[in-house]
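In mature numbering (1 follows the signal peptide of the UniProt record, and there is no 0), the protein residues as written are -19 to -1, 1 to 427.
Report on the structure given below.
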Amino acid sequence: MMKMHKLALLLALLAAALAVSCSDAAGGAIRAQLTRPDAGRGLTRRQLLRRMVRRSKARAERLLSAASGSSPASASAVPGKGQAIDTEYLVSFAIGTPPQPVQATLDTGSDLIWTQCQPCLSCYAQALPYYDPNLSATSVPLPCDAAACQQLDLSSCGERKWGNRTCVYTYSYGDRSVTTGRLDADTFTFDGDAGHAAVSGLAFGCGYFNNGLFSSNTTGSGIAGFGRGVLSLPSQLRVDNFSYCFTNVTGSAPSPVLLGLPADLYDSASGAAQTTRLIQSSVNPTFYYLSLKSITVGSATLPVPESAFALRGNGSGGTIIDSGTSVTLLPPLVYGLLHDAFVSQVDLPVTNDEPLCFAVSSLSSGKKQEVPKLELQFDGATLDLPRENYVFEMEDGGRSNICIAIMSSGGGGMTIIGNYQQQNLHVLYDLAGNNLSFVPAHCDRV
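Now the structure itself:
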């Protein structure tokens, strides 16, 4: 009964996302701001779509290889053969006493928090100064027998230059990028509308050797893991839940992320929200898996069995929700059926197959081209996507196009729910209840 009451409160909170003010929302939660590296760069919509496609392909390669426990099949699997791929969202906070600013990639697909540190022996250039543990009065190197060090897949006891018996970590990603350094603990400071929130003793990687596809545009200062492991930021903060609300991906407004939700919002909540259960994988415990049942285009449900979206015992397949993938990615067979369903229901010339694009007479008139509705049916919830969450409009070489912002994930059979489909949704990860909830919202007002 208590669990049901708590879930009801969480659902009510999400339904009230439109009604609450910023000062209310910051009351009891740790709040941080998310920005997109593409914002304010004057990119055309055609350039934005190309970058979204490129990032999604690279991200899929990384997630699929991580899920299978293998390395990418070839360098060509990552666009540009080593070209850095820009990140999706950067989260801003500070580390140390006094605080030193950090801007790290928000990553629901990994656990470790790390930032580049002085003296940086092999680092990429970044806009902010490197974090310097010697300038922080609260910086503490963690010993190799510390509980946090034991959670790392690859660590060792440092000697000489590392410091006697300090925890030395190596953390790799599916695109062959690697960070190596010392595991430290320090105070993290977050700036919210209600002021500063400082949390002491958080473990993070002080990266001295950071190699691969990292760059200032791809990673910021480092990566903030928001996965399900014990070293992630939500886990270390010991919050029961966290949420984010992505503003329009083609705009420049920042997006909020809240770690822990303020209790005083429950009283004023009203309305309903959609909730589906989170599925845990013993093979890939970091990812947030969902139970996707079917997909409907217009009035037609795609003729694929539920097993096409299911997580298999060996860790392959499955459906995950991800902050770092631009557009939703489907297994090749499912994408082919979705492609054909749109083609059969949209009476327009096809100009591109992936992503699927149609030629339209003009976008300048302001009249929206009718397209079939798109729904994702989960266990216990239906995501009825607004048009702007799956249709991308652009001019290309003097021609007007509308594109369906969904692609094939390639091999591996994984389905990835991307952030384009999540924009203007307040998405709540209920870690204690093992559920995921979402409700439409004006994210610039949350």
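Backbone N, C-alpha and C define an ideal beta-carbon position, used for all residues, glycine too.
Keep in mind the model is a prediction, meaning the values are calculated, not measured.
Counting only runs that start and end inside the segment 278 to 330, the beta strand (DSSP E) elements of at least 3 residues fall at 300 to 302 and 309 to 311. Across the structure, A75 and D172 are spaced so that their CA atoms are roughly 9 Å apart.
Rounded to the nearest angstrom, the Cβ distance from D92 to L212 is 5 Å, consistent with a contact under 8 Å. For A85, the enclosing beta strand (DSSP E) has its first and last residue at Q81 to D88. Between V72 and C226 the beta-carbon gap is near 13 Å, outside 8 Å, which marks them as no contact. Listed in chain order, the non-local C-beta contacts of Y270 below 8 Å within the same chain comprise L259, I260, Q261, S262, L292, G299, T300 and I301, local neighbours out to five positions each way being set aside. By the C-beta criterion, the segment 304 to 316 is judged to be in contact with the segment 276 to 291, since at least 3 inter-stretch pairs fall below 8 Å. Relative to the Cα of V341, the nearest Cα in the group V420, F373, A184 and S307 belongs to F373.
Look at the beta carbons and you see the segment 401 to 416 touching the segment 216 to 233: at least three pairs across the two are nearer than 8 Å. About 6 Å separates the beta carbon of L164 from that of A129, a gap short enough to meet the 8 Å contact definition.
The alpha-carbon of S346 is positioned some 36 Å away from that of A41.
DSSP, read as helix, strand or coil, puts A47 in helix. In the same chain as Q358, and ignoring 5 residues on each side of it, the C-beta atoms closer than 6 Å to its own belong to K274 and S275, in chain order. When C-alpha distances from I11 are compared across H177, G162, P114 and C98, the shortest belongs to H177.
The shortest CA-to-CA distance from I397 to any of G23, A20, L15 and G90 is the one to G90.
Contact annotation: A254 and V420 have beta-carbon atoms nearer than 8 Å. DSSP places C130 inside the alpha helix (DSSP H), whose first and last residues are A128 to Q131. Taking C-beta atoms under 8 Å as the contact rule, Q81 and L116 qualify, at a distance of about 7 Å. The criterion of a C-beta distance shorter than 8 Å is not satisfied by E335 and M375. In the three-state DSSP reduction, V34 falls in the helix class (H, G or I). In this structure, DSSP gives S275 an extended state, which the three-state scheme calls strand.
A106 carries a coil assignment under DSSP once its states are collapsed to helix, strand and coil. Residue pairing by DSSP puts H407 in a beta bridge opposite C226 and V420. Inter-residue distance for C101 and D113 is about 9 Å (C-alpha atoms, whole angstroms).
Distance check between Q84 and each of K354, Y111 and G317 places Y111 closest, using alpha-carbon atoms only. Membership of P215 in any beta strand (DSSP E) is not indicated; the residue belongs instead to the alpha helix (DSSP H) covering L214 to L218.
In the three-state reduction of the DSSP assignment, D360 falls in the coil class. Under the DSSP assignment, W95 falls in the beta strand (DSSP E) whose first and last residues are I94 to Q97. Distance from A179 to T168 at the Cβ level is roughly 6 Å; contact confirmed, criterion being Cβ atoms closer than 8 Å. Where V211 is concerned, there is no enclosing beta strand (DSSP E), because DSSP gives it neither an H nor an E. In the structure shown, R40 falls within a helical segment according to DSSP collapsed to helix, strand and coil. Restricting attention to R368, L337 and Y410, the CA atom closest to the CA of Q350 is found in R368.
By alpha-carbon distance to N192, the top candidate from P237, S103 and H320 is S103.
Spatial neighbours of C384 in its own chain (CB-CB distance under 6 Å, excluding positions within 5 residues in sequence) are listed in chain order as P336, C338 and F373. When only Cα atoms are considered, T170 and A118 end up about 14 Å apart. In the DSSP assignment, C384 falls within the beta strand (DSSP E) that extends over R380 to I385.
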